[in-house]
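What follows is one structure encoded as structure tokens, with my remarks underneath.
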Ligand code: AMP
Ligand code: ZN
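Numbering (the working numbering), first residue to last: 10 to 288.
Here is the structure:
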């Protein structure tokens, strides 16, 4: 009985976020970025249940057995709920797996940790979602991820990095030719609730954290944040931040196209080409 109530609470919260922030319409082609973890699996399941036209998109990052198990799980899960799945082979797409990019290429640029993975994933997801004719890309970011972003930017001394943070990335600022809007229906759902949902529904997936993320700044922040803050406090941080920077622009620089790959970029060369193409 408790689980039944929880399930409905989360589904209601997601529906309210979609309506309030106009994240997607029933006529949209909705591409869900699937890592195979509890967040993206749950959001795919819920959006399908709510009647959206959903398609799964997963990047095989070449993290050995970890990637193989996630691929098998998502292949089975999508088959069971009747959702088409596209798996992008990272080596075929860019010539390298994520470990080489992180350990060798990004290091030369002084970049480490989850930042690198984020840049590579966003680049591949945008390209593929566009190829698939997507109206939006859904990611599984939850309230804990968002509170963590606000705190990490603050600790780095650059709170303005978070301007534009919201259930629709960039608040439409960078939507243009070639950019597929990214949306986060789980924006206001705490991680604990989504974990209960996935476990309650008995989703047969891996519940462990990405092996690459262990020991990173992001995971350390997540650890102490979980100990120190309640879900209400995390919500207060995120909502308070969004309210404080309402109307601000992240940068005066207009969003243009990368001179190398043609993808959306704030600079002449996008962050992806800077790292992966060693420019
Ligand atoms: P992470 O950065 O691993 O916390 O993932 C955040 C979100 O990015 C997930 O909820 C997914 O929506 C998406 N994502 C992460 N890894 C992948 C992947 N290998 N393929 C496609 N989407 C992914
Ligand atoms: Zn580029």
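All C-beta atoms, glycine included, are put in the ideal place defined by N, C-alpha and C.
Proximal residues to residue i (C-beta, below 6 Å), its chain only, five neighbours per side dropped
i: residue 284; result: 114, 115 and 118
i: residue 180; result: The predicted position of residue 180 is uncertain, since its pLDDT is 48 and thus under 50; no value can be drawn from it.
i: residue 55; result: 20 and 23
i: residue 17; result: none
i: residue 95; result: 66
i: residue 259; result: 172 and 173
Cβ-heavy atom distance, residue i to ligand 1, below 8 Å
i: residue 152; result: no
i: residue 43; result: yes
i: residue 127; result: yes
i: residue 66; result: yes
i: residue 204; result: no
i: residue 134; result: yes
i: residue 145; result: no
Any non-hydrogen atom of ligand 2 closer than 8 Å to residue i Cβ
i: residue 103; result: no
i: residue 278; result: yes
i: residue 267; result: yes
i: residue 187; result: no
i: residue 286; result: yes
i: residue 242; result: no
i: residue 51; result: no
i: residue 87; result: no
Short Cβ contact (9 Å threshold) for residue i with residue j
i: residue 193; j: residue 155; result: yes
i: residue 191; j: residue 148; result: yes
i: residue 158; j: residue 273; result: no
i: residue 45; j: residue 78; result: yes
i: residue 264; j: residue 286; result: no
i: residue 153; j: residue 33; result: no
i: residue 151; j: residue 195; result: yes
i: residue 50; j: residue 207; result: yes
i: residue 72; j: residue 122; result: no
i: residue 130; j: residue 203; result: no
i: residue 254; j: residue 171; result: yes
i: residue 92; j: residue 110; result: no
Candidates the options, of which the one nearest residue i by Cα
i: residue 89; options: 58, 267 and 107; result: 58
i: residue 280; options: 126, 242, 197 and 15; result: 126
i: residue 177; options: 28, 17, 15 and 16; result: 28
i: residue 48; options: 234, 199 and 259; result: 199
i: residue 256; options: 175, 233, 164 and 225; result: 175
i: residue 201; options: 239, 111 and 100; result: 239
i: residue 230; options: 146, 164, 63 and 76; result: 164
i: residue 120; options: 225, 271 and 232; result: 225
i: residue 103; options: 76, 132 and 26; result: 132
Chain-order list of residues whose beta-carbon lies under 7 Å from that of residue i (same chain, five-residue window excluded)
i: residue 277; result: 268
i: residue 188; result: 135 and 273
i: residue 60; result: 35
i: residue 282; result: 267, 269, 270 and 288
Close beta carbons around residue i, own chain, < 8 Å, minus the five adjacent residues each side
i: residue 234; result: 153, 156, 157, 160 and 243
Within-9 Å CB hit, residue i to chain B
i: residue 148; result: Protein chain content of the structure displayed is limited to a single chain, and chain B is not contained in it.
Exercise. Just checking, does the region 136 to 144 make contact with the region 245 to 259 on the three C-beta pairs under 8 Å criterion?
Worked result: no
Exercise. Below 8 Å, can you find three or more Cβ-Cβ pairs linking the region 36 to 43 to the region 208 to 218?
Worked result: no
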